[in-house]
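Top line first, the protein sequences correspond to chains A and B. Taking my numbering, the leading residue of the first sequence gets 1105, the next gets one more, and so forth. Taking my numbering, the leading residue of the second sequence gets 1105, the next gets one more, and so forth. Beta carbons are placed, not taken as given, at the ideal position from N, Cα and C, and that holds for glycine. Here the structure is a predicted model, which is why all the values come from computation and not from measurement.
There are 2 protein chains.
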Amino acid sequence: MDGRLKPGHDADMESVWTLHPQLAADTVAIGDLSLSRVLLMNDANYPWLILVPRKPALVEIIDLEEDEQVQLLGEIADTARALKATTACAKLNIAALGNMVDQLHVHVIARNLGDAAWPKPVWGTAPPASYERAARERVVEDIRRGLQIAPSR
Amino acid sequence: MDGRLKPGHDADMESVWTLHPQLAADTVAIGDLSLSRVLLMNDANYPWLILVPRKPALVEIIDLEEDEQVQLLGEIADTARALKATTACAKLNIAALGNMVDQLHVHVIARNLGDAAWPKPVWGTAPPASYERAARERVVEDIRRGLQIAPSR
C-alpha cells in the first residue's frame, strides 16, 4: 500500500515474448535461431522470410542491446545467404520497417527481375499470391536445411 | 600476349570507390563515418538518410566481410539514434533494397504518422518534395552534430 508499482506483475507480462497476431496470421513458422524466430510470408510472389527477435517489447533495432544487435545481424546474414543459395535470386531486399506491425521484425526477401513488384518494393505493390501446399513446404524445408534449424513448434 | 587478363587494370578500377551517380544526383553529402558516407535524400517529405559503405563493388550486405558488416551495423545504429534524437520521429525505417541502384546503400528514414506516405514505405509512394535551402542545411547540421562528423567534401 505504499503506492509504488509492483514490479512483479508488469515485469512478468513484459517478460513473455509472443509473436504479434498479425505476423502469426500472415506467415508460417520455419524454426528458431538463437535470437530470432524465422517465418515464411504467405505470399508465393516472392520467397519472403521474416526474422522476429524473441524478446518482448522491441520496436526498433536500436532497442536491442549492442551484442543482441550483432547477433541479429549474424542471423540476418545467415538467412540472406540461405535464401540466396536456395533461390538463386537476383537481389536481396532486407528491411526493418514496422509501420503497420510494431513488433520488431526484419524482412529478408528474394527478388528477381520480372517478379510481381519488380523493381518496386514488395509492400503493398501486388496482391499476395497463394502458395500451393507442396511448394510452400518445399521452401520451408529448403530454408530449414540452409539454416540447419528444426521446426519451432 | 598470353591471353590472361591483366590483373593491374581491372583491379585498379575496382579498387577505387566512387558514389553511384544516381545516389549523387538524389542526395547531398553530410559526411563520412569510418566505413560509410552519410547522405541526405533530397526529399523534404521525410528526414531520409542513406549510408553508403566506401568500398568498391558491393551490392549486398553479405558482400562485406563479417567485421565490416558489424561496422556497418554500428554506423546504422548510430545514424538511427542521431536521426531519432534530432527528429523525435515515431518510427525508423531501415532498409537495404537496391533494386534500382545496385551500389550497396542503406536507407535510414524518420517516419511519422500522417507523413506523405504513412503507413506505406516511402519508395515510389509520394512525389519528392523540395527542401528550402535553410531547412535542408538545418537537417544536415543536426545530423553532423549528432554523428560528430565533418563535411565529407
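Sequence-distant partners of Asn-1216(A) (beyond 5 residues in either direction) whose C-beta falls short of 6 Å from its own C-beta, in its chain, are Cys-1193 and Ala-1194. With contact defined as three or more Cβ pairs closer than 8 Å, the stretch 1242-1251 of chain A and the stretch 1205-1223 of chain B are not in contact. Under the Cβ distance rule, Gly-1202(A) counts among the residues neighbouring chain B, one pair being separated by less than 9 Å. Beta-bridge partners of Lys-1195(B) (DSSP): Arg-1215(B). Closest in alpha carbon position to Ala-1186(A), among Thr-1229(A), Glu-1170(A), Leu-1168(A) and Pro-1151(A), is Pro-1151(A). Residue environment: Ser-1138(B) is assigned as exposed (fewer than 16 neighbouring CB atoms within 10 Å of its CB, all protein chains considered). Interface with chain A (9 Å Cβ-Cβ cutoff): Trp-1152(B) is excluded. In the three-state DSSP reduction, Pro-1223(A) falls in the coil class, being neither helix nor strand.
For Gly-1250(A), no beta strand (DSSP E) segment is defined; the enclosing uninterrupted segment is the alpha helix (DSSP H) at 1237-1251. Gly-1228(B) has a beta carbon lying within less than 9 Å of a beta carbon in chain A.
In the three-state reduction of the DSSP assignment, Ala-1200(B) falls in the strand class, which pools E and B. Of Asp-1206(A), Val-1226(A) and Asp-1219(A), the smallest CA-CA separation from Pro-1160(A) is found for Asp-1206(A).
Under the 9 Å criterion on CB atoms, Glu-1164(B) is classed as interfacial with respect to chain A. Following the DSSP letters along the chain, one finds Pro-1125(A) inside the alpha helix (DSSP H) bounded by residues 1125-1130.
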